[in-house]
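Peer 1:
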């Protein structure tokens, strides 16, 4: 099985966040690979990873990093494969990572999700892959319909909550 998505994080300490993307890709039956490489500690390995992504069959890269969070931008500068950046909450409530990822120079785009937004990164990767893939579009539509059903059910449960001045 050849991976089409790569999940890369700056440290294995990011795995609890990034598992959400991995679980979604599993649910959608999309082959993926996972790596832990640092833009600062292992720059040569990051370069090999980024420059070889397209040749390995990777269609989307989900990159996560905290603090200075240069990993996403460094990868994006070395490949034509779309990169989705996930800022990880560490110092400064993740704002440092968010700003480092979202503020890329012209010509080096990184699609950025919210802080610790690995699930949304996974969904965005699936949406990118689903362009021209009707079967994957159907899986994604079913996933989103399930989200809707969960909210409708939760809303009905909320109706059972009682407060003295609650009117519904």
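Numbering (this note's numbering), first residue to last: 166 to 333. The C-beta atom is built at its ideal place from N, Cα and C for all residues, glycine as well. These numbers were taken from a predicted model, which means no experiment stands behind them.
Near residue 212, which residues of its chain fall below 7 Å by C-beta distance, leaving aside the five closest residues on each side in sequence?
Peer 2: On the chain shown, position 47 is the one that residue 212 refers to. For residue 212, where only same-chain residues beyond five positions count, the Cβ hits under 7 Å are 243.
Peer 1: Could you spell out the range, first to last residue, of the beta strand (DSSP E) harbouring residue 171?
Peer 2: Here residue 171 corresponds to residue number 6 of the chain shown, with the count starting at 1. Here the beta strand (DSSP E) through residue 171 covers 170–174.
Peer 1: Tell me, please, whether the region 195–214 touches the region 169–177 by the rule of three or more beta-carbon pairs shorter than 8 Å.
Peer 2: The region 195–214 vs the region 169–177: in contact.
Peer 1: Which one of 230, 330, 305 and 325 has the shortest CA to CA distance from residue 282?
Peer 2: Within the chain shown, residue 282 is the residue found at index 117, counting from 1. For the residues 230, 330, 305 and 325, the minimum Cα distance to residue 282 belongs to 230.
Peer 1: Taking 6 Å as the limit between beta carbons, can you name the residues of its chain near residue 255, skipping five residues before and five after?
Peer 2: Taking the chain shown and counting its residues from 1, one reaches residue 255 at position 90. The residues are 231 and 232.
Peer 1: Under 7 Å Cβ to Cβ from residue 218, same chain only, skipping five residues before and after it: list those, please.
Peer 2: On the chain shown, residue 218 is found 53 positions in, with the first residue counted as 1. Closer than 7 Å at the Cβ level, and outside the excluded window around residue 218, lie 171, 226, 244 and 246.
Peer 1: What residue does the beta strand (DSSP E) around residue 214 start on, and which one ends it?
Peer 2: Indexing the chain shown from 1 puts residue 214 at position 49. Note, residue 214: premise wrong, no beta strand (DSSP E); alpha helix (DSSP H) at 208–217.
Peer 1: Rounded to the nearest angstrom, what separates residue 207 and residue 248 at their Cα positions?
Peer 2: Residue mapping note: residue 207 aligns to position 42 of the chain shown, counting from 1. Residue mapping note: residue 248 aligns to position 83 of the chain shown, counting from 1. So the alpha carbons of these two residues sit roughly 19 Å apart.
Peer 1: Should residue 347 and residue 280 be called a contact, given that it needs their Cβ atoms to be closer than 7 Å?
Peer 2: Here the chain covers residues 166 to 333 and nothing more, so residue 347 does not appear.
Peer 1: Whole angstroms are fine: how far does the CA of residue 261 sit from the CA of residue 186?
Peer 2: Position 21 of the chain shown holds residue 186. Position 96 of the chain shown holds residue 261. Going from the Cα of residue 186 to the Cα of residue 261 covers about 22 Å.
Peer 1: Who are the Cβ neighbours of residue 270 in its own chain at under 7 Å, not counting the five residues just before and after it?
Peer 2: Residue mapping note: residue 270 aligns to position 105 of the chain shown, counting from 1. Excluding sequence neighbours, residue 270 sits near nothing in its chain.
Peer 1: Among the candidates 241, 316, 322 and 204, whose CA atom is the shortest distance from the CA of residue 277?
Peer 2: Within the chain shown, numbered from 1, the residue matching residue 277 stands at position 112. Selected option, being the one with the closest Cα: 241.
Peer 1: Let's see if you can read the secondary structure: which residues bound the beta strand (DSSP E) around residue 199?
Peer 2: Here the question's residue 199 lines up with position 34 in the chain shown. That run of the beta strand (DSSP E) goes 197–201.
Peer 1: What does residue 288 pair with, by DSSP beta-bridge criteria?
Peer 2: In the chain shown, counting from the first residue as 1, residue 288 sits at position 123. Beta-bridge pairing links residue 288 to no other residue.
Peer 1: Which residue's Cα is closest to the Cα of residue 305: 224, 177, 234 and 195?
Peer 2: For this step, residue 305 is matched to residue 140 along the chain shown. Residue 195 is the option with its Cα nearest to residue 305.
Peer 1: To the nearest angstrom, how far is it from the Cα of residue 234 to the Cα of residue 324?
Peer 2: Here the question's residue 234 lines up with position 69 in the chain shown. Here the question's residue 324 lines up with position 159 in the chain shown. Taking the straight line joining both Cα atoms gives about 43 Å.
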